[in-house]
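Novice:
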Amino acid sequence: DAGVIQSPRHEVTEMGQEVTLRCKPISGHDYLFWYRQTMMRGLELLIYFNNNVPIDDSGMPEDRFSAKMPNASFSTLKIQPSEPRDSAVYFCASSLGGGPSSYEQYFGPGTRLTVT
Amino acid sequence: QKEVEQNSGPLSVPEGAIASLNCTYSDRGSQSFFWYRQYSGKSPELIMSIYSNGDKEDGRFTAQLNKASQYVSLLIRDSQPSDSATYLCAVNPGSSNTGKLIFGQGTTLQVKP
Chain A
206 DAGVIQSPRH
216 EVTEMGQEVT
226 LRCKPISGHD
236 YLFWYRQTMM
246 RGLELLIYFN
256 NNVPIDDSGM
266 PEDRFSAKMP
276 NASFSTLKIQ
286 PSEPRDSAVY
296 FCASSLGGGP
306 SSYEQYFGPG
316 TRLTVT
Chain B
48 QKEVEQNSGP
58 LSVPEGAIAS
68 LNCTYSDRGS
78 QSFFWYRQYS
88 GKSPELIMSI
98 YSNGDKEDGR
108 FTAQLNKASQ
118 YVSLLIRDSQ
128 PSDSATYLCA
138 VNPGSSNTGK
148 LIFGQGTTLQ
158 VKP
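Chains as they are written, first to last, in the working numbering: chain A, 206 to 321; chain B, 48 to 160.
Okay, here's the thing in structure tokens:
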């Protein structure tokens, strides 16, 4: 399997612009997670989906952030408008789900976002 | 109290020594525990999972779980410079009944040649 795929790997944008991050989970995995990682705050869970349905978006920092999962093989995280404090590495992860022994999450390579 | 706590380190050990990384968690109902390794500039990589009290060994790595003390640890035997990384402890909260994991802040390990 190719693993979790994310694009782009790097994104540099100006404040106020829209940013869209993309993720393809491992085939057959029912759960998809979006995380943000910074030195100050560590790894933060933003939102996660089960079978394409958002389960918990309590980690989404504010209304400027939105996420969708239109099908089992694709998800997007959108920031509109972007701000410098959104600069971070954004990871997508997926897992099989279905019970405690299936909660192992596998991470994509991440998208390093810089907002100037 | 944080849900998952780790000492941020850095933990420095000489090559060949045993590195001991520790993690405590607050949700007594938690059932699944994971250790991830993250090299600088890379994504977290799963290295160990443990679900029952006791020890679980995989090569040079041993995970230890004590649910009564709400404590999970990772031992790395014969530490190598290539083990230098940040190690993240992750716990599935017992209350969630989903695949959600709570991550600690990570412990930075430095193995000196």
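In this text, a Cβ means the ideal position worked out from N, Cα and C, and glycines have one as well.
With respect to the beta strand (DSSP E) encompassing R84 of chain B, which residues constitute its N-terminal and C-terminal limits?
Specialist: S79 to Q85
Novice: Sorted by chain position, which residues of the same chain lie with C-beta nearer than 6 Å to P160 of chain B's C-beta, five sequence neighbours on each side aside?
Specialist: E62 and P128
Novice: Is the Cβ-Cβ distance between Y134 of chain B and L156 of chain B less than 8 Å?
Specialist: yes
Novice: Can you say whether Y295 of chain A is buried or exposed, counting buried as having 16 or more other CB atoms within 10 angstroms of its CB?
Specialist: buried
Novice: Which residues in the same chain as E267 of chain A place their Cβ atom closer than 8 Å to its Cβ, once the five residues preceding and following it in sequence are excluded?
Specialist: none
Novice: What number of angstroms, rounded off, separates the C-alpha of P240 of chain B from the C-alpha of D235 of chain A?
Specialist: Since the first residue of chain B shown is 48 and the last is 160, residue 240 of chain B is not available in this structure.
Novice: Tell me, please, whether the CB atom of F254 of chain A is closer than 8 Å to any CB atom in chain B?
Specialist: no
Novice: Could you work out which residue in A:G247, A:S278, A:I210 and A:P305 is closest to F81 of chain B when comparing CA atoms only?
Specialist: A:P305
Novice: Is the CB of Q117 of chain B under 8 Å away from at least one CB in chain A?
Specialist: No, its Cβ sits nowhere closer than 8 Å to a Cβ of chain A.
Novice: Got a sec? Which residues, its chain only, sit under 6 Å from Y86 of chain B by beta carbon, not counting five neighbours each side?
Specialist: A132
Novice: Shorter than 8 Å from the beta carbon of F296 of chain A to some beta carbon of chain B?
Specialist: yes
Novice: Once the 5 residues before and after Q285 of chain A are set aside, which same chain residues still bring their CB inside 7 Å of it?
Specialist: E223 and R269
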